[in-house]
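Here the first sequence is numbered in the numbering used here, starting from 3 and rising by one per residue. We put the beta carbon where it would ideally sit given N, CA and C, even for glycine. Just so we're clear, the structure is a prediction, and the values are computed from it rather than from any experiment. Take a look at the structure set out below.
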Amino acid sequence: MHRWSKLFIPTLREAPADAEVASHKFLVRAGYIRQLGAGIYSYLFLGQRAINRVIRIVRDEMDKIGEEFLLPTIQPADLWRESGRWTIMGDNMFRLKDRKGADLCLGMTHEEVMTDIARNELRSYKQLPQIWYQIQTKFRDEPRPKSGLLRVRQFIMKDSYSFDLDEAGLDRSYQLHDAAYRAIFTRSGLRFVVVEADSGAMGGSRSQEFMVYTDAGEDLIASCAACGYAANLEKAASRLSPVKEMEPTGDGMPELIPTPGQAAIVDVTRFFDIEASSDIKCVAYMAKVTERGDSKKEPAGVLSPVVAFLRGDHFVNETKLMGAVGATELRPMVAEELEHWMHGPAGYLGPVGLEPARNLHDGKVNVVLDCGLDHRKNLVCGANKLDYHYRNVTPGRDFSWTIVADIRNAAEGEGCPDCGMPLKVATAVEVGHIFKLGTRYTEKMGSRVLDANGKEVTPIMGCYGIGIERILTAAVEQNHDASGFWLPQSIAPFDVVVTITNVGDTTLKTAGEQAAAALEAAGFDVLLDDRDERAGVKFKDADLIGIPWRVTVGKKAAEGKVELVRRGAAAGPRDVPLGDLAAELRRASAEA
RNA sequence: CGGGGAGUGGCUCAGCCUGGUAGAGCACCUGGUUCGGGACCAGGGGGUCGGAGGUUCAAAUCCUCUCUCCCCGACCA
């Protein structure tokens with residue numbers, strides 16, 4: 003039993019001025035966390051207890067499918083140079099030097115270290131499969147930490163890595179994680195969805211994210227209520243409704259029209275009196291492109307021009323675009339680059355007259371056409387000339403391209419790719435991610451085992467992550483009201499808080515002690531509020547700090563009764579005889 | 001990195017425009033009265049006003065530089 007009067011639970015009447023999202027405000031107000039710097043937080047008593055509860059669940063489920071390790075946080079640069087990620091991770095990696103001047107970094111993820119162990123130790127197919135996991139602090143120098151614990155620079159992650167002999171084995175490891183993750187999030191009391199996710203440009207065949215819907219989230223999820231399709235917007239596809247094509251003007255061939263000052267799409271559509279869907283939008287990038295089919299070779303840092311064309315009412319999905327061209331990085335072209343590659347200024351860019359690259363690496367402009375423009379006709383586009391546009395432009399007849407691909411964002415109301423019903427788009431927080439990695443690391447870092455035929459093969463990896471604090475944060479986001487929050491009992495720092503309304507009253511004090519002792523004896527984690535404070539103060543605190551059950555020991559204690567209420571429940575408190583309290587709570591919490 | 005905002009007792013903020021030597025509420029300490037939804041009265045402790053430099057007789061206030069934190073963006077041309 004913990005007595006509040008002896009604990010450090012610094013609750014605040016007001017939220018810090020810079021807190022925006024509910025979880026941030028309440029975790030600070032409830033005394034769970036304190037900020038040390040941007041994206042860096044201390045976990046105080048209640049916060050650490052909740053996190054330990056989360057970790058207990060994660061460990062319990064992970065131990066069923068894998069083995070727990072603990073890898074170093076400080077890692078030598080050479081290891082990361084081997085995988086090529088010393089460069090790729092860029093500014094997101096915290097770097098330091100030791101006294102000898104050697105480069106080190108703080109671990110942001112552990113594929114390299116795990117693969118290093120695998121290559122040193124695994125020799126035979128008989129040792130496979132392996133699933134190794136750890137629960138450990140990760141460091142990522144995020145460009146913009148935000149929203150309290152939601153996006154931070156230091157956080158605890160459960161990360162696991164599977165090594166299998168073949169695809170079928172990877173499938174099994176992946177499925178094991180899928181099942182374990184569902185169990186973990188269910189036991190953590192989260193309402194979550196599993197969505198298809200982007201697997202990135204660096205190979206990797208499949209990935210799923212475990213998402214919790216909340217306004218505070220940073221990810222956008224497209225979902226279909228009709229058939230259950232759900233995908234991260236980075237990946238989500240959509241069906242477009244048919245568009246009515248415009249009639250050609252004049253001889254039907256591209257016609258150069260002076261459009262002085264009509265640079266933005268709204269200007270162009272107004273000028274021509276057309277729908278944005280009949281305008282061709284152009285977004286021009288310089289991209290770092292990898293050599294396809296040669297995964298050993300790192301991008302030399304050479305920038306290739308990549309120009310995306312899509313409907314005026316659509317938006318480029320850079321993740322899809324990078325996937326389509328095999329790029330690892332994109333940035334918008336600057337004015338000089340636009341002039342050099344497109345021969346025209348921003349606002350008047352178009353596909354007509356471009357000589358598209360035949361393949362993605364021949365030094366010409368990579369022209370990527372969104373499939374929403376394929377088979378369209380009589381469109382309007384920029385003429386690559388200041389103050390001029392073309393009309394009557396038909397893809398295929400009037401210009402060609404390097405590739406056609408889905409490179410646009412799906413949008414709310416567009417058709418579900420599976421069943422055609424309208425999609426919904428909503429924000430969510432990612433709490434877990436499972437990922438079929440492939441042989442990127444094992445190949446590059448030289449991990450090999452002998453198969454049953456004595457032949458050398460490269461183990462196939464999967465990697466799988468859970469954000470520990472995000473489980474806590476997501477739970478707060480999902481369960482709060484004006485006066486505080488309530489955590490699922492499985493991850494709450496205490497099961498129940500027993501409030502003695504007036505510790506100066508011996509009857510109440512004694513009854514409260516008895517109630518707390520009985521609950522403790524029944525196996526509950528009990529916080530006894532024995533502070534010499536007025537009842538109102540204690541009630542406010544009890545509502546605030548996230549404990550799911552409240553017992554109030556007050557006036558009716560003289561008749562041997564206390565009040566039991568579930569925080570956040572619609573039903574109000576009910577009187578319970580002191581002697582029945584433990585049994586009653588056991589019954590009620592089993593139901594909940 | 002671009003744009004916006006903010007740094008004043010532990011917390012939320014006022015004071016700054018128009019320089020004159022720092023205030024309120026909450027929190028904290030002491031005493032008293034109270035005691036089921038953030039009590040009241042009285043007394044008290046605590047701040048080199050983010051930092052550095054400058055202007056001035058005088059700087060929280062004006063100027064310059066800098067650090068930190070928050071928000072939006074980092075893609076629509």
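Of the residues the options, the one placed nearest residue i, counting alpha carbons only
i                 : options                        : result
serine 485        : Leu235, Ile158, Phe28          : Phe28
glutamine 138     : Ile76, Lys128, Met335          : Ile76
proline 74        : Met110, Ile90, Arg393          : Met110
aspartate 168     : Ala513, Gly440, Tyr392         : Gly440
glutamate 621     : Val336, Ser306, Gly464         : Examination of residue 621 is not possible in this model, given that the chain is present from 3 through 594 alone.
alanine 584       : Pro358, Ser207, Val499, Arg569 : Val499
leucine 395       : Arg313, Ala337, Lys322, Glu69  : In the sequence under discussion, the amino acid at residue 395 is valine, which differs from the leucine named in the question. Selected option, being the one with the closest Cα: Arg313.
cysteine 373      : Glu63, Met344, Ile405, Asp577  : Ile405
serine 25         : Ala476, Lys511, Ala494, Asn504 : Ala476
isoleucine 11     : Lys99, Val197, Gln50           : Gln50
glycine 562       : Thr554, Asp100, Leu235         : Thr554
glycine 219       : Ala520, Leu130, Ala513, Val478 : Val478
isoleucine 473    : Leu242, Ala572, Leu152         : Leu152
cysteine 323      : Asn411, Phe401, Leu72          : Reading off the sequence shown, one finds leucine at residue 323, where the question assumed cysteine. The shortest C-alpha separation from leucine 323 is found at Asn411.
tyrosine 287      : Val327, Ile276, Lys140, Arg399 : Val327
phenylalanine 526 : Arg552, Gly325, Asp453, Val196 : Arg552
glycine 581       : Arg101, Val564, Arg589, Thr117 : Val564
methionine 423    : Ser243, Leu46, Gly384, Arg360  : Ser243
leucine 375       : Gly355, Arg360, Asp400, Leu388 : Asp400
leucine 381       : Lys99, Val245, Leu510, Leu332  : Val245
glycine 92        : Glu70, Arg142, Asp118, Ile119  : Arg142
arginine 568      : Asp253, Leu124, Pro579, Arg588 : Arg588
Beta-carbon gap between residue i and residue j smaller than 9 Å
i                 : j              : result
valine 370        : valine 459     : no
arginine 97       : leucine 108    : yes
alanine 329       : leucine 340    : no
aspartate 543     : glycine 506    : no
proline 575       : glutamine 491  : no
tyrosine 350      : leucine 258    : no
threonine 216     : glutamine 480  : yes
cysteine 229      : aspartate 408  : no
aspartate 166     : isoleucine 462 : yes
isoleucine 133    : serine 190     : no
phenylalanine 212 : valine 23      : no
arginine 83       : serine 449     : no
asparagine 386    : glycine 352    : yes
lysine 160        : isoleucine 468 : yes
isoleucine 53     : isoleucine 186 : no
histidine 377     : proline 358    : no
phenylalanine 311 : alanine 413    : no
Integer-rounded CB distance, given that residue j should sit under 8 Å from residue i
i              : j             : result
valine 214     : valine 431    : 5 Å
lysine 438     : leucine 172   : 6 Å
methionine 248 : serine 280    : 6 Å
serine 225     : tyrosine 231  : 7 Å
serine 201     : arginine 193  : The Cβ separation is near 25 Å, so there is no contact.
glycine 39     : valine 154    : Going by Cβ atoms, the distance from glycine 39 to valine 154 rounds to 10 Å, so no, they are not a contact pair.
tryptophan 88  : aspartate 531 : With 8 Å as the limit, tryptophan 88 and aspartate 531 do not qualify as a contact, their Cβ atoms being about 52 Å apart.
arginine 55    : alanine 494   : 7 Å
Residue range of the alpha helix (DSSP H) that includes residue i
i                : result
aspartate 118    : 113–123
glycine 486      : Where glycine 486 is concerned, there is no enclosing alpha helix (DSSP H), although the beta strand (DSSP E) it sits in stretches over 486–488.
phenylalanine 10 : No alpha helix (DSSP H) contains phenylalanine 10, which DSSP labels as neither H nor E.
threonine 475    : 470–480
alanine 428      : From DSSP, alanine 428 is part of no alpha helix (DSSP H) but of the beta strand (DSSP E) over 426–440.
alanine 584      : 583–593
Limits of the unbroken beta strand (DSSP E) element including residue i
i                 : result
glycine 597       : What the structure shows of the chain is the stretch from 3 to 594, and residue 597 is not part of that stretch, so it cannot be assessed.
glycine 349       : Taken as a continuous stretch (DSSP letters only), glycine 349 belongs to no beta strand (DSSP E), as it is neither H nor E.
aspartate 269     : Run containing aspartate 269: none in the beta strand (DSSP E); it sits in the alpha helix (DSSP H), 267–274.
isoleucine 549    : First-last for isoleucine 549: undefined, no H or E at that position.
leucine 1         : There is simply no residue 1 to check, as the chain begins at 3 and stops at 594 in what is shown.
aspartate 180     : Element bounds for aspartate 180: not the beta strand (DSSP E) but the alpha helix (DSSP H), 169–189.
arginine 378      : No beta strand (DSSP E) contains arginine 378, which DSSP labels as neither H nor E.
arginine 393      : 390–395
glutamine 156     : 156–166
alanine 407       : 405–407
proline 579       : 576–579
phenylalanine 311 : 305–313
aspartate 372     : 368–372
Segments of 4+ residues assigned as alpha helix (DSSP H) that fall wholly inside the region 208–290: 267–274
Runs of alpha helix (DSSP H) lying entirely within the region 76–151, each at least 4 residues, in chain order: 79–85, 87–90, 113–123
Completely contained beta strand (DSSP E) runs for the region 498–549, where each covers 3 or more residues: 498–502, 528–531
Alpha helix (DSSP H) runs contained entirely in the region 15–81, provided each spans 4 or more residues: 24–31, 47–64
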